[in-house]
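Asks:
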Amino acid sequence: MCGIVAYIGEREAFPILIEGLRRLEYRGYDSAGIAVLNGGVQVYKKKGKVQDLVDHIGDLKLDATSGIGHTRWATHGKPDDKNAHPHTSGNERLALVHNGIIENYATLKEALTKLGHRFNTDTDTEVLVHLIEEYQSRDSIALEDAVHLAMNKVVGAYAMVVIDQDDPDKIVAARKSSPLLLGIGDDEFFIASDASPIISHTNKVVYLKDEELAVVNRDGSFSIKNIQNIPQNPEIKELDLKIEELEKGGYEHFMLKEVNQQAKTVKDAMRGRLNPIDGWVGLGGMGEYTERFVQADRLIIAACGTSWHSGLIGEYLIEDLAQLSVEVEYASEFRYRNPVIHQNEIVIGISQSGETADTLAALKYARDKGALLYGVVNVVGSSIARLTDAGSYIHAGPEIGVASTKAFTGQVTLLALLALTLAEKRGTISKSDLHRLMTELHDIPRKIDVVLQQDDAIRYIAEEIKDSNHALYLGRGYNFPVALEGALKMKEISYIHAEGYPAAEMKHGPIALIDENMPVVVIATNESAYEKIVSNVQEVKARKGRVIAIVQEGERAIREMADYSIEIPKTAEPFTPLLSVIPLQLLSYHAAVLRGCNVDQPRNLAKSVTVE
Ligand code: G6P
């Protein structure tokens, strides 16, 4: 949700900023802009993608060695050239990029207007740069001091980077809630919303903490202060990221690459955590808190989007196997409904990015209520990873396609490991069942590859349904959340309206929608309640619905009724979501490609949603 990049050093800034913006484009792609210091502040911005900005700049020679860049996901003000970042101060001395929302911008705007400031855009960000200008010119203070005063005045979330034409040898950056990293090169600095624009230049980074302000100087020095103006000792970390992980690697889209990586990423999520031969399962991240998990009265899972769906599967897994009560909450609802959280409960935040504002806020709320926080996160060093008391990374590597795929299966794998660990420690599973399930889970990556081999058949089905306006996804038990996830994938990238339902609920409403034009995707891989799902398929067929069934190998009854079916290898029922979701990811992918949609950057969406 908005990407920021900045550079100061000896090299030409423009190519570094543009390459950085391309890497960050998954965070928002309504408009893009840069500002460079070349005598004065020069700003170029354009509605649309980074490529539109590059075309707009054309052959202009931007001879500058420092600058800032931004790719936008609009919140305040429609996406157009005017509202694109960077924004400049009234005296045109400062240029600023911002990710987040300034909640008290209206009050500030009114006050600044009375002081003579004039605004040209509809954004909250423009108010921020005018506020900094006001402090700077009123008190004749350094840029960083003006930014510091502004930090104390604004309410909301921000990652911001500011340049000043009268002070061209430094860049000032600050953050609260939205992420920001400093990349430390040889006498050069990079600043970015995540590591992707930095890794091709340096692997040394400092993750700015909440309410910290950094000044990076052209002479290679830098300093960090907190909001109380107290100097901080920066912790320089080494990035464990390879540039190939950020490339498409021969695939047409990042999403397709990520879908196809899942045998590996699921294996990586299990690495060092499961050994069926020695009969061992455990999560190192639980560490000193293991006993609190074992004794907990309840787990509360807070998440959004796809991560919320994996949380639902976690609920089924943990309640079924470990007999421990689990509540799954939309993070955005949780914190605003005065929920009951007891001392003996643990709140688990699930997030691919580790930056989702609603999840972060829900976890902070739970911490204030005294809960122990556990993170299930993909992005190493992200805000949620740092906020939580303990946690486990899913090790899926960078996920760039906006529609989450490999993070989902990584999260479900992690939750399966958690369920097995707790089941063993709480004594709710027999040794033989535990061993059987450990062996089945361990074998999932091999079976994922078997499912992926059915890509051609899935593409064929996508061709058959690509012109539909609506689709229904039905599943039971462990596969009800998979129905939700399959429908979400279809909506997100192909813009076909799709709804996921528990199969049995169909007769309480959605059945009214079924006719010969309605594709109904039935995830029928459960062995329990199998007859019931057979009946559900009959009910759909009786109303002429077109059934696409996901079944286990060897299944007959549903295959015979369905218009199309896709087989997945047999596995233990709790782990079927790890296989049954894959055809649904591919179905939505192919439908989107066939409909000419932008798969990796679907309209209106952003991968990392850093506003509430
Ligand atoms: C956005 C993304 C989704 C994602 C959700 C939660 O809506 O488009 O793909 O599932 O945020 O993101 P998180 O990073 O917290 O898992």
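Sequential numbering of the sequence shown, starting at 1355, is according to this note's numbering.
Positions of the beta carbon are idealized from the N, C-alpha and C atoms, including for glycine.
Less than 6 Å between C-beta atoms, sequence neighbours within five positions excluded: which residues of the same chain meet that for D1917?
Replies: Against the sequence shown, residue 1917 aligns to sequence position 563. The answer, listed in chain order, is R1900, V1901.
Asks: Can G1729 and A1739 be called in contact, C-beta distance under 9 Å?
Replies: Counting from 1 along the sequence shown, the entry for residue 1729 is found at position 375. Counting from 1 along the sequence shown, the entry for residue 1739 is found at position 385. Contact flag set, yes.
Asks: At a cut-off of 8 Å, is Q1955 close to ligand 3 when judged by its beta-carbon and the heavy atoms of the ligand?
Replies: No copy of ligand 3 appears in this structure; the ligands present are ligand 1.
Asks: First and last residue of the beta strand (DSSP E) that includes H1430?
Replies: Position 76 of the sequence shown holds residue 1430. No beta strand (DSSP E) contains H1430, which DSSP labels as neither H nor E.
Asks: With hydrogens ignored, establish whether the beta-carbon of S1758 is closer than 8 Å to any heavy atom of ligand 1.
Replies: On the sequence shown, residue 1758 is found 404 positions in, with the first residue counted as 1. Flag set: Cβ of S1758 near ligand 1.
Asks: For a test of your reading of the model: does the CB of A1325 fall under 8 Å from any non-hydrogen atom of ligand 1? Yes or no.
Replies: A question about residue 1325 goes unanswered here, because the residues of the chain that appear run from 1355 up to 1966.
Asks: Do G1537 and T1556 have their CB atoms nearer than 9 Å?
Replies: Your numbering for residue 1537 matches position 183 in the sequence shown. Your numbering for residue 1556 matches position 202 in the sequence shown. Yes, Cβ-Cβ distance for G1537 and T1556 is below 9 Å.
Asks: Short of 8 Å in beta carbon distance, which residues of its chain neighbour I1590, apart from the five on each side in sequence? Order them along the chain.
Replies: For the purposes of this step, residue 1590 is taken as the residue at position 236 of the sequence shown. Here the set comprises I1538, K1558, V1559, V1560.
Asks: Curious, which full-length alpha helix (DSSP H) runs of at least 4 residues does the segment 1701–1750 contain?
Replies: 1711–1722, 1737–1741
Asks: Taking the runs of the alpha helix (DSSP H) that are 4 residues or longer, which of them lie wholly in the segment 1753–1817?
Replies: 1760–1780, 1785–1796, 1798–1806
Asks: Starting from H1862, follow the alpha helix (DSSP H) in both directions and report where the run begins and ends.
Replies: In the sequence shown, residue 1862 corresponds to position 508, counting from 1. From DSSP, H1862 is part of no alpha helix (DSSP H); its letter is neither H nor E.
Asks: Cβ atoms of A1386 and R1426: under 9 Å apart, would you say?
Replies: Indexing the sequence shown from 1 puts residue 1426 at position 72. Indexing the sequence shown from 1 puts residue 1386 at position 32. Taking 9 Å as the Cβ cut-off, R1426 and A1386 qualify as a contacting pair.
Asks: I'd like to know if the segment 1431–1446 and the segment 1398–1407 are in contact, where contact means that at least 3 CB-CB pairs between them fall below 8 Å.
Replies: yes
Asks: What would DSSP say about A1920, mapped onto helix, strand or coil?
Replies: Taking the first residue of the sequence shown as 1, we reach residue 1920 at position 566. Rather than Ala, the amino acid found at residue 1920 in this sequence is Ile. In this structure, I1920 counts as strand in the three-state DSSP scheme.
Asks: Can you list, in chain order, the residues of its chain with a C-beta nearer than 6 Å to that of A1773? Leave out the 5 residues immediately preceding and following it.
Replies: Taking the sequence shown and counting its residues from 1, the one referred to as residue 1773 is at position 419. Closer than 6 Å at Cβ, skipping near neighbours: L1671, I1672, L1675, A1676.
Asks: Using a Cβ-Cβ cut-off of 6 Å (strictly less than) and excluding sequence neighbours within five positions of F1576, which residues of its own chain qualify?
Replies: Position 222 of the sequence shown holds residue 1576. For F1576, where only same-chain residues beyond five positions count, the Cβ hits under 6 Å are V1570.
Asks: Report the residue from A1757, L1948, I1654, L1485 whose alpha carbon sits nearest the alpha carbon of L1717.
Replies: The residue given as residue 1717 occupies position 363 in the sequence shown. Answer by Cα proximity: I1654.
Asks: DSSP three-state call for A1617: helix, strand or coil?
Replies: Mapped onto the sequence shown, residue 1617 falls at position 263. Assignment of A1617 by DSSP, reduced to helix, strand and coil, places it in the helix class.
Asks: Does at least one heavy atom of ligand 1 sit under 8 Å from the Cβ of A1990?
Replies: Past the boundaries of the shown model lies residue 1990; the chain is included only from 1355 to 1966, so the question cannot be answered.
Asks: Thinking C-beta only, is K1961 closer than 9 Å to S1686?
Replies: Here residue 1686 refers to the residue found at position 332 of the sequence shown. Here residue 1961 refers to the residue found at position 607 of the sequence shown. With contacts defined by Cβ atoms closer than 9 Å, S1686 and K1961 do not form a contacting pair.
Asks: Any heavy atom of ligand 1 inside 8 Å of the beta-carbon of E1846?
Replies: Counted from its first residue, the sequence shown places residue 1846 at position 492. Within the cutoff, so yes.
Asks: Tell me the rounded alpha-carbon separation between I1967 and L1407.
Replies: Only positions 1355 to 1966 of the chain appear in this structure, which leaves residue 1967 out of reach.
Asks: Using DSSP with H/G/I as helix, E/B as strand and the rest coil, what is N1571?
Replies: On the sequence shown, residue 1571 is found 217 positions in, with the first residue counted as 1. Reduced to three states, the DSSP call for N1571 is strand.
Asks: Quick check: does the Cβ of K1961 come within less than 8 Å of any heavy atom belonging to ligand 1?
Replies: As a working mapping, residue 1961 is identified with position 607 in the sequence shown. Of the heavy atoms belonging to ligand 1, at least one sits nearer than 8 Å to the Cβ of K1961.
Asks: Pull the bridge partners of Q1396 from the DSSP assignment, please.
Replies: On the sequence shown, position 42 is the one that residue 1396 refers to. Per DSSP, V1390.
Asks: So the alpha helix (DSSP H) I1936 belongs to, where does it begin and stop?
Replies: Along the sequence shown, read from residue 1 onward, the residue named residue 1936 stands at position 582. It spans 1931–1948 - the alpha helix (DSSP H) in which I1936 sits, taken as one unbroken run.
Asks: Taking just the CA atoms, how far does E1487 sit from M1624?
Replies: As a first step, residue 1624 is located in the sequence shown; it is residue number 270 there, counting from the start. As a first step, residue 1487 is located in the sequence shown; it is residue number 133 there, counting from the start. C-alpha separation (whole angstroms): 52 Å.
Asks: Between I1922 and V1805, which are expected to be in contact by the criterion C-beta below 8 Å, what is the C-beta distance as a whole number of angstroms?
Replies: Within the sequence shown, the letter at position 568 stands for residue 1922. Within the sequence shown, the letter at position 451 stands for residue 1805. In this structure I1922 touches V1805 by the C-beta definition: roughly 5 Å separates them, less than 8 Å.
Asks: Between which two residues does the alpha helix (DSSP H) carrying G1668 extend?
Replies: Locating residue 1668 in the sequence shown gives position 314, counting from the first residue. Here the alpha helix (DSSP H) through G1668 covers 1659–1676.
Asks: So is G1394 buried or exposed if we call it buried at 16+ other beta carbons inside 10 Å?
Replies: Counting from one through the sequence shown, the residue named residue 1394 turns up at place 40. Exposed, since its Cβ has fewer than 16 Cβ neighbours within 10 Å.
Asks: DSSP state of M1872, grouped into three classes?
Replies: Translated into positions along the sequence shown, residue 1872 becomes position 518. Three-state DSSP puts M1872 in coil, outside helix and strand.
Asks: Would you mind listing the alpha helix (DSSP H) stretches within the segment 1599–1652 that are 4+ residues and don't spill past its ends, in chain order?
Replies: 1608–1614, 1616–1624, 1644–1649
Asks: Would you call the segment 1797–1804 and the segment 1607–1626 touching, i.e. three or more CB-CB distances under 8 Å?
Replies: Output reads yes: the segment 1607–1626 touches the segment 1797–1804.
Asks: Please say whether L1941 and I1748 have beta carbons closer to each other than 9 Å?
Replies: By 1-based counting over the sequence shown, the position of residue 1748 is 394. By 1-based counting over the sequence shown, the position of residue 1941 is 587. Not closer than 9 Å, so no.
Asks: For E1592, which residues in the same chain have their Cβ closer than 7 Å to its Cβ, ignoring the five residues on either side in sequence?
Replies: Reading the sequence shown from its first residue, position 238 is the one you call residue 1592. N1557, K1558.
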